[in-house]
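Asks: First residue of the sequence shown: 266, per my numbering; consecutive thereafter.
Think of the CB as a built atom: it goes at the ideal place given N, C-alpha and C, for glycine as much as any other residue.
Small disclaimer: the values here were computed from a predicted structure and weren't measured.
Take this structure, written in structure tokens, and hold onto it; I'll ask about it next.
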Amino acid sequence: MAQTHAQTFTNVGQTRFWQHGFLASQSAYVLAALIVLIVIMSMLSPNFLTGGNISNITRNFSFIAIATLGMTLVIITGGIDLSVGSTIALSATVTSLVMNALLGANFYPFPGSALLISLVAGLGSAALVGLFNGLAIAKLKLSPFVTTLGTLSMVRGLVYVATQGRGTFPAGPDKDMFLAITAGKLFDVLPVSFLYLIICAVVMWVALNHTAWGKHVFAIGSNENAGRLTGVNVDRVKIQVYVLCSLAAGVNGIIISGWLGSAPANLATAYELTIIAAAVIGGANLAGGVGGAAGAIIGCILIEVIRNGLVLARVDPYWQQTLVGAIIVAAVLVDRLRSSRNG
266 MAQTHAQTFT NVGQTRFWQH GFLASQSAYV LAALIVLIVI MSMLSPNFLT
316 GGNISNITRN FSFIAIATLG MTLVIITGGI DLSVGSTIAL SATVTSLVMN
366 ALLGANFYPF PGSALLISLV AGLGSAALVG LFNGLAIAKL KLSPFVTTLG
416 TLSMVRGLVY VATQGRGTFP AGPDKDMFLA ITAGKLFDVL PVSFLYLIIC
466 AVVMWVALNH TAWGKHVFAI GSNENAGRLT GVNVDRVKIQ VYVLCSLAAG
516 VNGIIISGWL GSAPANLATA YELTIIAAAV IGGANLAGGV GGAAGAIIGC
566 ILIEVIRNGL VLARVDPYWQ QTLVGAIIVA AVLVDRLRSS RNG
């Protein structure tokens with residue numbers, strides 16, 4: 266009787282450990298570049314790895330990182346939000362204005378009430394911006410780019426109208442508490458804003474990777490029509506994502522105003538460019554369907570490390586924006602080459 270022998274192919278279905286998971290993502294490439302950059306910076310400047318400078322880097326990238334988490338959610342769905350910079354200014358301004366209004370009215374029902382009311386007002390105003398964007402994009406089917414570009418101008422205009430172009434300042438009996446929770450430091454070393462960032466990042470990671478809602482966010486970005494056919498409530502998820510993006514920007518606005526001790530009317534002008542850049546550098550695909558919390562934070566750190574290094578090297582600050590733009594192009598190119606190779 267003839268015997269048949271099944272031929273086996275040892276190379277089928279086998280991939281090396283760096284070809285799947287996080288190590289295969291753009292975020293891993295950017296993290297590797299970040300590590301190399303940190304080593305180079307530390308060799309070029311003895312001040313780079315000092316405790317004070319590390320604290321500055323941590324504080325500065327935290328100023329945009331929470332908003333970048335929100336932006337990443339929007340980009341995963343295939344959208345964009347150009348109004349985050351204006352929303353940062355709006356949230357900071359409303360918070361300070363409400364604190365001043367409560368001081369003038371002498372309205373303090375209980376200790377800490379002025380702070381609580383002001384924070385709710387600031388974050389509420391940010392959420393309304395996101396709700397407007399989400400409804401216009403999801404229900405009216407308007408272009409995310411054009412809609413949020415218009416919102417950028419409208420919200421910034423409202424800030425100027427409310428303040429007559431002048432900055433506002435937190436005031437009242439809860440001012441010290443406000444400054445403590447926004448500009449304070451943990452153990453006199455780590456900015457409290459970094460703690461907020463870690464909490465937001467963990468929540469976002471769990472939501473995206475371990476909930477049905479997260480799967481729906483990725484489904485919309487990958488193929489909106491297919492997602493709709495499988496039962497995803499596309500409109501609702503889109504609205505939620507834009508509200509979360511604006512809320513994240515609002516949190517950053519309040520934190521920045523606490524550190525500055527004021528809320529300038531021109532606060533966070535053009536921040537949306539840096540925030541979008543950080544998200545894209547961290548691996549979020551502007552076509553949708555790709556992105557994550559870790560990548561967003563890595564992108565923010567990379568931009569801040571470069572900016573900090575340029576400052577230490579006394580390079581003309583106007584080169585910073587040029588380099589950020591070059592890094593965005595490089596990040597997109599790396600992602601395209603990686604996708605072509607995998608395909």
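With distance defined between alpha-carbon atoms, name the residue in THR539, VAL594 and TRP584 nearest to THR333.
Replies: When each option's Cα is compared against that of THR333, the closest is THR539.
Asks: What first and last residue would you give for the alpha helix (DSSP H) that runs through LEU299?
Replies: Where LEU299 is concerned, the enclosing alpha helix (DSSP H) stretches over 291 to 309.
Asks: Report the residue from VAL339, GLY316 and SER356 whose alpha carbon sits nearest the alpha carbon of ALA533.
Replies: The shortest Cα separation from ALA533 among VAL339, GLY316 and SER356 belongs to SER356.
Asks: My guess is that GLY350 and ALA535 are in contact by the Cβ rule of under 8 angstroms, so how many angstroms apart are they, rounded?
Replies: Confirmed, about 6 angstroms.
Asks: Note down the Cα distance separating SER400 from ALA596, rounded to an integer number of angstroms.
Replies: As written in the sequence, residue 400 is Leu, which differs from the Ser given in the question. About 31 angstroms.
Asks: Are there three or more Cβ pairs, one per stretch, closer than 8 angstroms when the segment 514 to 523 is compared with the segment 389 to 403?
Replies: They touch, by the three-pair rule.
Asks: Cβ of ASP581 versus every heavy atom of the ligand SAH: is any distance shorter than 7 angstroms?
Replies: In the structure shown, the ligand SAH is absent, as is every other ligand, since no ligand is present at all.
Asks: Using DSSP with H/G/I as helix, E/B as strand and the rest coil, what is ALA530?
Replies: Coil, per DSSP.
Asks: Give me the residue from ALA403, ILE546 and ALA558 with the minimum Cα distance to ILE464.
Replies: The shortest Cα separation from ILE464 among ALA403, ILE546 and ALA558 belongs to ALA558.
Asks: From the DSSP output, read off the bridge partner residues of LYS406.
Replies: Looking at the DSSP assignment, LYS406 forms no beta bridge with any residue, so it has no partner.
Asks: Can you tell me whether ASP453 is buried or exposed, with buried defined as 16 or more other CB within 10 angstroms of its CB?
Replies: It is exposed - the Cβ of ASP453 has fewer than 16 other Cβ atoms within 10 Å.
Asks: Out of LEU407, LEU462 and ALA370, which one is the CA nearest neighbour of ALA330?
Replies: With distances taken between Cα atoms, ALA330 lies closest to LEU462.
Asks: Which residue from GLY415, LEU368, VAL301 and VAL589 puts its Cα closest to that of ILE345?
Replies: If we check each option's Cα against that of ILE345, GLY415 comes out closest.
Asks: Do ILE341 and GLY564 have their CB atoms nearer than 8 angstroms?
Replies: Cβ atoms of ILE341 and GLY564: not closer than 8 angstroms.
Asks: What are the boundary residues of the alpha helix (DSSP H) that includes ALA544?
Replies: Counting along the chain, the alpha helix (DSSP H) containing ALA544 begins and ends at 536 to 546.
Asks: DSSP has THR433 in a bridge; who is on the other side?
Replies: Answer is ALA528, bridged to THR433.
Asks: Do ILE504 and LEU396 count as a contact pair if the criterion is CB distance below 8 angstroms?
Replies: Going by C-beta atoms, LEU396 is nearer than 8 angstroms to ILE504.
Asks: Give me the Cα-Cα distance between GLY437 and LEU381, rounded to the nearest whole angstrom.
Replies: Each residue's Cα considered, the two are about 12 angstroms apart.
Asks: In the structure shown, what three-state DSSP assignment does LEU551 receive?
Replies: Three-state result, LEU551: coil.
Asks: Apply the 10 Å Cβ neighbour rule to VAL506 and answer buried if 16 or more other Cβ atoms are within range, or exposed otherwise.
Replies: By the neighbour-count rule (16 or more Cβ atoms within 10 Å), VAL506 is buried.
Asks: State the DSSP-derived secondary structure class of LEU314, mapped to helix, strand or coil.
Replies: Looking at LEU314 - three-state DSSP - the assignment turns out to be coil, as it is neither helix nor strand.
Asks: So, helix, strand or coil for VAL597, using DSSP?
Replies: In this structure, VAL597 counts as helix in the three-state DSSP scheme.
Asks: Between the C-alpha atoms of ILE593 and LEU423, what's the straight-line distance to the nearest angstrom?
Replies: Taking the straight line joining both Cα atoms gives about 31 angstroms.
Asks: Work out the CA separation of ASN474 and ALA466 for me, nearest whole Å.
Replies: Computed Cα separation, rounded: 12 angstroms.
Asks: What residue range is occupied by the uninterrupted alpha helix (DSSP H) comprising SER458?
Replies: Residues 457 to 475.
Asks: Report all residues from its chain with a CB closer than 7 angstroms to the CB of LEU368; omit the five preceding and five following residues, and keep chain order.
Replies: Correct list, in chain order: ALA436 and GLY437.
Asks: For SER292 versus SER458, is the C-beta spacing smaller than 8 angstroms?
Replies: Contact: no.
Asks: Can the beta-carbon of MET336 be found closer than 8 angstroms to that of GLY574?
Replies: Contact: no.
Asks: Rounding to the nearest angstrom, what Cα-Cα distance links MET364 and ILE520 in this structure?
Replies: About 15 angstroms.
Asks: Could you confirm whether any beta carbon from chain B is found closer than 8 angstroms to the beta carbon of VAL385?
Replies: Looking at the structure shown, chain B is missing, and only one protein chain is on hand.
Asks: Return the first residue and the last residue of the alpha helix (DSSP H) that ASP441 is part of.
Replies: Run containing ASP441: 440 to 448, per the alpha helix (DSSP H) assignment.
Asks: Just to confirm the assignment, what range does the alpha helix (DSSP H) spanning ALA491 have?
Replies: Segment 489 to 494, the alpha helix (DSSP H) holding ALA491.
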